Each structure stands twice: as C-alpha cells, then as structure tokens.
Amino acid sequence: MNERAKEELKPITNESGIEVKPLYTAADVEKSGGYNFVGQPGEYPFTRGIHRLMYRKQPWTMRQYAGFGNPADTNQRFKYLIANGQTGLNVAFDLPTQIGLDSDDPLAEGEIGRVGMSVDTLRDFEIAFDGIDLNKITVSLTINGAAAILIAMYLAMAEKRGYDVKQLRGTAQNDILKEFIGRGTWIFPVEPSIRLVGDTIEYCAEHAPKYSPVSVCGYHIRESGANPAQEMAYAFCIAKAYADDVIKRGLAVDEFAGRLSYNFNIFGNLFEQVAKFRAGRGLWAKIMKEQYGAEKPGSMWLRMIAAGGGGGLTFEQPEVNIVRGAYYALISALSGTQTMALCSYDEAYTIPTEYSARISLRTMQLLIEEMGLTETVDPLGGSFYVETLTNQMRQKMEEIMAEVDAQGGIVKLVSEGAIQSKVSAQAYNMQRDIESGKFRKVGVNCYRNEQEEEHPVEFHPYNEKDTQVQIAGLNKIRAERDQAKVTQALARLSADASAGRNVMPSLVEAVKAYASVGEMTQELVNIFGRYQEPIRF
Amino acid sequence: MMAQKSVATERRIKVLLAKPGLDGHDQGAKVVVRALMDAGMEVIYTGLRQTPEAIARMALDEDVDVIALSSLAGSHIPFCTKLKPLLEANHLQDKLWVIGGNLPVQDHDALRQLGFKGIFPTGSKFGAIVDYIQEHVK
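Chains as they are written, first to last, in our numbering: chain L, 725 to 1261; chain U, 44 to 181.
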C-alpha cells in the first residue's frame, strides 16, 4: 500500500480498543507474539479447542432459555423443545424464585410466573422435570441468589427419581458476583454470597462430582456495558474469587476446577468475538496451570456456553433479529463452544413464543446439518488476522485483570460499585454513539424503513390464574408435609449458617422435607443479612 | 452561556428515577440517569426492588418534579395500579409521572389511564425523554 492510500484510510478500532488493520500478514502474527499460544486442539493451552476432535465427535449442545408460568406449563415447553431436537434445557425462573420469595409473599404479587417458572418447593421440580430423562437431557438452572437452595432441590429431585447423583450431569448459573454488576437477583451481602458459592462447589466436588455448580457469566457484564475483552477478563477475576474461597477450605484445585464453566455473550464484530474466545481459552489454561498449579487438563479447560446476546438485538425491525441470530450462531460455532443458545428475535418485546424459540433452534441445526460447521476443528485458526487478534485480545485481557488486582481485586471493586459504575458509563457512551450514528446499527440509525410497519411479534400471554394455582399448590404442600421435620431441618440450616459450616447438607435435608424457597432463604437472611446496593455514578 | 443563564433563572428539574418491583435490569435506568444529569437535571436513582410505598415516600420527601419508573420484566400494569393511589394520597398527582422500558404498545392506554403520561418504550432516544420532561414539568 502506498503512503497516499494509507492516509486516506480512516483508522478503525474494535470495541475492545484494538486497532484493526486493512491487511494482516505473517509479520503481524510474529509481532503480536507469534504462534506460541496456538498449539493443537485438546492440548495445552487449548486455544484451538478443549477437545481434539471437537464437533466432529459431538456437536454443541443446544440449550434455549425457557420457563414461564407454573411448573406444568414449563414442563410442556421443555417437552416441545426436546421434541424439536433441543439437546439440553436451560431453566428460567420467575423473579420471586430468583430472589428467594414464596409465591404468597406480598412482594411477589404481580410477578409470579412472569419471566420464568415459579418454584416454591421440591414438588414444583418434580412436576417441571416429569417425563424428562435427566441422563439424556442435561439441565442448566439459571439461578443465582437462591442457587444453593435450587441446586439442593435439583439433586434431591434426581435422587428421588432414582438417579445416581454421583453420575448426574447438569449446571447451575450460581454466579453471584456478576449479579451485583448486572442482572440484579442478589439476596445476601457480598461476602456470605461468595461463601454460599464456595459451599456449592465444595459439596458437589464430593457428592455430585459430575455436576457443574457454577457457570461464571461474562454474558451479563457485557450486557451491562462491558466491552468483549472486559467481559472475559472480569469473568476470570470472578472465577478466581470463587476458586480462592474453595482453596482456602483446603480443597486442591484439581478436585473442583474441572467442573467450573462459563457463560459468554456474542454480539458485535465477528472476528473480535472469535478472537475473544480463542484468547480466553489460552489465558484461562495459563491461569489455572501457572497461578493455581492445576495438573489435570480438565481443570484448565474453558468450558462454556456462548450465547447470541439480547444486547445486539433491536426493537426496530424485529424480524431482522432472526438474521442477526444466525450470525451469532455462526460465531458461536467458529468459537468452539460446548453449548449454544440464542436470544429469540422477539425478545425485545416478549417471552419467546414456541414459534420464535423453534426458529432459534433451527438456526443452530442449520449450521450442523447444512453448513459444515461441525466437520473441522477451529476453522479460522491460522488466519493471520485471527491469530494476531487472538494474541492482542489475550494481552488486553491480561492488562484488565492486572488493573483489577492493582485496584484491590474484583470483590472490593464490586462491593464498592466501581465496576458497575465503569460499565454503566460505557453503556451510556455506546448508547450516545448509537443515537448519533457513530456506532452503526441497522434499522436503528441507518436503513430505517420509511414507514415502520406494525411489528409482526406475537405476544406471549401472561395468565393471572397461574398465581392462584401456584399459591394453592404451596398451601397444599404446607398442609400435607411433616411440619416437625421442616422445623428441625430449618433449625439445622440456621445453626450451620451461623457456625460457618457448609449449608448444603442441611439445605438438601430441608428441601426433601418440602421446606419452601422462601422459608430457607429467610433462615439464611436472619444470619447473613441482606445486600445493600451501592449507588454510584 | 445559555445553559448557565437558564440554571441561574430557573430551578433545576428534580427527578426520582425508580426501579419498581423485583426486576433487576438496570442498564437502561442507569443510562437514562446519566442522560438526565447531562441535561442539567438533578436525579435521585433509587436502586433496585422498590415497593410502591417506598417510591411514593421518596417522591414526597425529596419534593421531586418527576416520578420516573423503569420496568423491563413485565409487571408494569400491576405495579402502577398499586402506585397510583399512593401517589394520589400523597398529593403527588400534579407531578409528572413517566415510565420507560419493555412496555408493549397494547399496554400504553392502560398506563396513561394510570397517570403515566410519558411512555418511553425500548428504543426511545435520550433526546425524546429529556425534551418531554422539560416541556411537561410545571
């Protein structure tokens, strides 16, 4: 390129702050650090994939987020998705369940079954998963503040149905630190919240060693305004905070790290996203090996769900979101994810209908059946651009992590509201750039329709009667259960929480006695208190 | 210069921006707080999980001109139904009530009847919110 042409090129910087060149060559790869971190799939540092054959052996799990109304409604949606080829479940809970309120709590009024299914007791789980083979379909519980309770409930339900809990697979989101940054379903203050995450990891390492008790979420931090490099760097800082808590208890890293997993977001520049995932795999492996002394390869794996994010979808021209979702799925496949999910095209409006959820599922199936995305491992590996960007993204993430450590660590920064303030300021700037047209968004600030048509979105109905059915069910359980057993179990829970013992055994006992989510949460609130949100701009 | 003059001659508009109910989606609320502050308004942001009682009390105690809600989890109608009589009981009906977030078009009439005159669904621009408030605050 001659000097004149160079001058005419406007500089481009990706969202993570890395300059993008018009052309990459072998010299750029060398300059950015070379091929030291590339390696082979299935081998340290796993940049090209955590398994040798990846999708050639087994395609990604397809796991759409679903749940609404009563457990019986949700059970029907689960069966619909499975009948349409979905290979995993991702359970959405309503807000009262997520923050540990029973359905008859006055604060829950108007919120029962609205954004997910309502759960009060073990009976609700028995209904929701009825007829679903838990060995064939792995279940992910999107639960955080009340995660210890719901994990106990899931394990108890599986045991009751005759499954060997030692062999049981599945995941809980259970990432409370990101709830303080975005999403907001916290209950207890920061320190006891981290302790509860530690309790679940410690308990599962012994009693349910194939269950993944935590899925650390960059996803929601990105939705809150973080850029892609920050998304992954902050998630790693958070995962390290949980690992440190468990190691303090005396567990060896290889006893639990193999069951840590991640949840990341996809929207924005395709190459930046692919490089983010490749870089993240290499960096996490390095952290686990060099900082934590992990020896088992499984402890170094960045196991993840990479999901097409709502943050990229638009309210305007919603049908165009179907196409965005297809690109996000493509990125997810090129990134070497273990599990894939897509926000449906109508999510800026409503809970996805059966129709829109099926379109998302078909989008992922197309990549497997027609597009050849499962045939070859890490197909973008070796591209001068992608390898350079992978090196640069990894270095960027390391810089961000070092900055967090220098400022006192992620727990301190989240407790003070510093991360929240930083990503919120970025979200504001991004929104201003979208409004000014500086950051282009099709249908929003360019290519708008002359006359926007009425949106073709069908609304998911909310059934007021579900609330009465749910409360009646809870009252029936309260009348029928052995109250002495419940009282005894709750007293044990309180004693264990107070004494600093792992609360999981007493939670399992309480769940089996049909204690309610609200009752168990209240016992823990009595000991731990409630979180007070720092307001900082 | 213009801005300084208007600050000197007019009282700054004071806004209570609340997150009603259990909804945890606060990205939108927080960016709107920044937009209103940049437009010269004084903003009190409540944080998450406010009850109707708490919102009515804060609006009264802080003597705000605008009561703004941000709701994305679908419970806006039952919540506003509970909030309206509390705001009225505190003689706050002459204040400007506005709401933003995930608000389906078919709910807009009901929200207007509940006293929420300014309705800003997902996709609304900062400028539209700021202009509306500046025009309608008495």
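Backbone N, C-alpha and C define an ideal beta-carbon position, used for all residues, glycine too.
Since the structure is predicted, the reported quantities are computational estimates derived from the model, not experimental observations.
Two segments are said to touch when three or more pairs of C-beta atoms, one from each, lie closer than 8 Å; by this definition the region 845-852 of chain L does not touch the region 89-98 of chain U.
Contacts between PRO147 of chain U and chain L, judged by CB atoms closer than 8 Å, involve TYR1073, THR1074, PHE1183 in chain order.
Within the region 1145-1156 of chain L, contact with chain U at the beta-carbon level (separation under 8 Å) is assigned to SER1148, ALA1149, ALA1151, TYR1152, GLN1155, ARG1156.
Annotated as proximal: GLU96 of chain U and LEU129 of chain U, with beta-carbon spacing under 8 Å. Contact with chain U is found for TYR1186 of chain L, since one of that chain's Cβ atoms lies less than 8 Å from the residue's Cβ.
Against chain L, the beta carbon of PHE169 of chain U has neighbours under 8 Å at GLN1155, ARG1156, GLU1159, listed in chain order.
Annotation for ILE1134 of chain L: LEU901, TYR958, CYS961, ILE962, LYS964, ALA965, VAL1128, ILE1143 place their beta carbon closer than 8 Å to its own, counting only its chain and skipping 5 residues before and after. When beta bridges are read from the DSSP output, GLY161 of chain U appears opposite U:VAL141.
Secondary structure note for VAL1193 of chain L: its alpha helix (DSSP H) is the uninterrupted segment 1189-1204. If you keep only unbroken beta strand (DSSP E) runs of at least 3 residues inside the region 822-884 of chain L, you get 862-866. Spatial neighbours of ALA1053 of chain L in its own chain (CB-CB distance under 7 Å, excluding positions within 5 residues in sequence) are listed in chain order as GLY1032, MET1064, LEU1066, THR1087, MET1088, LEU1091.
In the three-state reduction of the DSSP assignment, ILE990 of chain L falls in the strand class. Between the region 1145-1152 of chain L and the region 940-959 of chain L, the count of Cβ pairs shorter than 8 Å is three or higher; the stretches touch. Annotation: TYR759 of chain L is outside any beta strand (DSSP E) and is labelled neither H nor E by DSSP. DSSP places GLY906 of chain L in no alpha helix (DSSP H); its state is neither H nor E.
Within the region 108-138 of chain U, the residues whose Cβ lies closer than 7 Å to any Cβ of chain L are, in chain order, ALA116, GLY117, SER118, PRO121, PHE122.
Counting along the chain, no beta strand (DSSP E) covers ASN1045 of chain L; the unbroken alpha helix (DSSP H) around it starts and ends at 1044-1058. Rounded to the nearest whole angstrom, the C-alpha separation of SER1059 of chain L and LEU994 of chain L is 10 Å. Using beta-carbon distances, PHE770 of chain L does not count as an interface residue toward chain U, since no partner is under 8 Å. By the Cβ neighbour-count rule, ALA78 of chain U is buried, with 16 or more other Cβ atoms within 10 Å of its own.
Distance check between PRO147 of chain U and each of L:GLN1212, L:TYR1186, L:SER1218 places L:TYR1186 closest, using alpha-carbon atoms only. Classified as buried, LYS1000 of chain L has 16 or more neighbouring CB atoms from the shown chains inside 10 Å of its CB. Here DSSP, grouped into helix, strand and coil, assigns GLU996 of chain L to helix. Listed along chain L are SER1148, ALA1149, TYR1152, PHE1261, each with a C-beta nearer than 8 Å to that of ARG77 of chain U.
Cβ contact annotation for VAL998 of chain L (same chain, cutoff 7 Å, sequence separation greater than five): ILE1055, LEU1058, SER1059, LEU1104, VAL1110, in chain order.
In this structure, VAL1232 of chain L and LEU879 of chain L form a Cβ contact; the two beta carbons are roughly 7 Å apart against a cut-off of 8 Å. DSSP places LYS57 of chain U inside the beta strand (DSSP E), whose first and last residues are 57-61. The beta-carbon distance between ASP108 of chain U and VAL180 of chain U, rounded to whole angstroms, is 5 Å. This is short enough to meet the 8 Å contact definition. Your pair PHE1252 of chain L and ASP752 of chain L does not check out as a contact, with CB atoms roughly 51 Å apart and the cut at 8 Å. The Cβ atoms of LYS1189 of chain L and GLY741 of chain L lie no closer than 8 Å to each other.
Taking 8 Å as the cut-off, the Cβ atoms of ARG772 of chain L and ILE1029 of chain L do not count as close. Going by C-alpha positions, ALA1196 of chain L is about 11 Å away from ALA1203 of chain L.
The beta carbon of LYS57 of chain U sits no closer than 8 Å to any beta carbon of chain L. Secondary-structure assignment with DSSP links LEU984 of chain L through a beta bridge to L:VAL938. About 7 Å separates the CB atoms of THR866 of chain L and PHE817 of chain L; that is less than 8 Å, so the two are in contact.
Partner residues in the beta bridge of GLY1032 of chain L, as assigned by DSSP, are L:ILE990, L:LEU1066.
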